[in-house]
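Residue numbers (the working numbering): 19 to 320.
For reference, the structure is listed below as structure tokens.
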Ligand SMILES: Cc1ncc(COP(=O)(O)O)c(C=O)c1O
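This is how it looks when you write it as structure tokens:
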């Protein structure tokens, strides 16, 4: 049995003991959400442990940091190595990696990029897919609106952005649902609280883009590429609530949830047979676990 600690940390340049994994109370990020982060998965594969689309996640991490003026003192290559080193130290095969960059405690003024240090940390821990064992999610249209990209850049993963998701998911759960679907300021579908959304109509898939105020999910991109290889037609554009309710199938995509069918949205119950979702879900799960040579370049083997 493994004696590895439940969480393994790398903090500001080196592996760190759990006792050192603390931030000062006056950290700017704690007060104002001025952090950026990633959620990355590692899977056991026939060729050993592999991290899924690591450099794509790290590229988004750097883009998120730039949007908030966080100055990461490491190269992408160094953080790539840090992810591998920390995962190796964890001894885990099935793991979730959480890189985080945040402003320190030099000031509580609202212009931290001029005054605060940027800290970079990484935690590795177990986080079973939200979809594990679940047939799908029962979703609800949230009364909480998705923030506009004119307010905050939705295409990057800012810590403070997630207060929007927290409010929506807490409301959905309190009303007995599994997940919320947020509408954007135009009244169209934006996304789930931590997932992108796809609909299926007449055998073709459709998802939205930045003009709907969504995060460009790595899983979303993987599904679009898998669909192309599988000959499943796809389109990108606005998704109205009517289109969602009129779809043959619908599903969420995200690192935490992977690909998960939407069983229902409020009173609209989707058919129990969902051939396109099932196909994409199976190909994705297999590719992430090293079973599909067509997508082997998505994997960083330890
Ligand atoms: C708001 C939001 N949309 C979409 C996604 C899906 O992104 P990814 O597939 O990169 O995990 C996430 C997950 O991080 C998210 O938080």
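C-beta atoms are modelled at their ideal positions from N, C-alpha and C, and glycine is treated no differently.
In this text the structure is predicted, and so the values were computed from the model without any measurement.
For residue i and residue j, which I take to be in contact (beta-carbon distance under 8 Å), what is that distance rounded to the nearest angstrom?
{"i": "residue 211", "j": "residue 233", "result": "With a Cβ gap of about 11 Å, residue 211 and residue 233 do not count as contacting."}
{"i": "residue 207", "j": "residue 250", "result": "Residue 207 to residue 250, Cβ: 20 Å. No contact."}
{"i": "residue 54", "j": "residue 88", "result": "6 Å"}
{"i": "residue 176", "j": "residue 86", "result": "6 Å"}
{"i": "residue 57", "j": "residue 274", "result": "6 Å"}
{"i": "residue 127", "j": "residue 133", "result": "6 Å"}
{"i": "residue 154", "j": "residue 214", "result": "In fact, because the Cβ distance is near 16 Å, the residues do not count as touching under 8 Å."}
{"i": "residue 46", "j": "residue 171", "result": "Not quite, the Cβ-Cβ distance comes to about 18 Å (not below 8 Å), so this is no contact."}
{"i": "residue 143", "j": "residue 228", "result": "Contact flag wrong, Cβ pair sits at about 31 Å."}
{"i": "residue 297", "j": "residue 260", "result": "Actually they are not in contact, since the Cβ atoms of residue 297 and residue 260 sit about 25 Å apart, beyond 8 Å."}
{"i": "residue 50", "j": "residue 205", "result": "Not really, about 29 Å apart at Cβ, beyond 8 Å."}
Is the beta carbon of residue i sitting closer than 7 Å to the one on residue j?
{"i": "residue 280", "j": "residue 157", "result": "yes"}
{"i": "residue 65", "j": "residue 309", "result": "no"}
{"i": "residue 145", "j": "residue 114", "result": "yes"}
{"i": "residue 61", "j": "residue 245", "result": "no"}
{"i": "residue 199", "j": "residue 159", "result": "yes"}
{"i": "residue 150", "j": "residue 118", "result": "no"}
{"i": "residue 104", "j": "residue 52", "result": "no"}
{"i": "residue 277", "j": "residue 312", "result": "no"}
{"i": "residue 262", "j": "residue 252", "result": "no"}
{"i": "residue 320", "j": "residue 77", "result": "no"}
{"i": "residue 44", "j": "residue 112", "result": "no"}
{"i": "residue 265", "j": "residue 219", "result": "yes"}
{"i": "residue 236", "j": "residue 73", "result": "no"}
{"i": "residue 83", "j": "residue 90", "result": "yes"}
{"i": "residue 137", "j": "residue 30", "result": "yes"}
Mark residue i as exposed unless 16 or more other C-beta atoms lie within 10 angstroms of its C-beta, in which case mark it buried.
{"i": "residue 230", "result": "buried"}
{"i": "residue 147", "result": "buried"}
{"i": "residue 304", "result": "exposed"}
{"i": "residue 196", "result": "buried"}
{"i": "residue 32", "result": "exposed"}
{"i": "residue 267", "result": "buried"}
{"i": "residue 174", "result": "buried"}
{"i": "residue 100", "result": "buried"}
{"i": "residue 317", "result": "buried"}
{"i": "residue 190", "result": "buried"}
{"i": "residue 21", "result": "At residue 21 the pLDDT is 46, less than 50, meaning the model places this residue with poor confidence; the figure from the coordinates comes in the next sentence. So residue 21 ends up on the exposed side."}
{"i": "residue 193", "result": "exposed"}
{"i": "residue 209", "result": "buried"}
{"i": "residue 283", "result": "buried"}
{"i": "residue 201", "result": "buried"}
{"i": "residue 184", "result": "exposed"}
{"i": "residue 301", "result": "buried"}
Report the three-state DSSP secondary structure of residue i (helix, strand or coil).
{"i": "residue 88", "result": "coil"}
{"i": "residue 50", "result": "helix"}
{"i": "residue 66", "result": "strand"}
{"i": "residue 294", "result": "helix"}
{"i": "residue 241", "result": "helix"}
{"i": "residue 126", "result": "coil"}
{"i": "residue 383", "result": "The requested residue 383 does not occur in the structure, where the chain is confined to residues 19 to 320."}
{"i": "residue 20", "result": "The predicted model places residue 20 with a pLDDT of 48, which falls under 50 and marks its position as unreliable; any figure quoted below should be read in that light. Coil at residue 20, not helix or strand."}
{"i": "residue 219", "result": "strand"}
{"i": "residue 181", "result": "helix"}
{"i": "residue 286", "result": "strand"}
{"i": "residue 97", "result": "helix"}
{"i": "residue 155", "result": "strand"}
{"i": "residue 303", "result": "helix"}
{"i": "residue 117", "result": "strand"}
Inset, instruction - Could you tell me whether the region 69-77 touches the region 37-48, using the rule of 3 or more Cβ pairs below 8 Å? - result: no
Inset, instruction - Determine, using beta-carbon pairs with one atom in the region 162-181 and one in the region 216-225, whether at least three such pairs fall under 8 Å. - result: no
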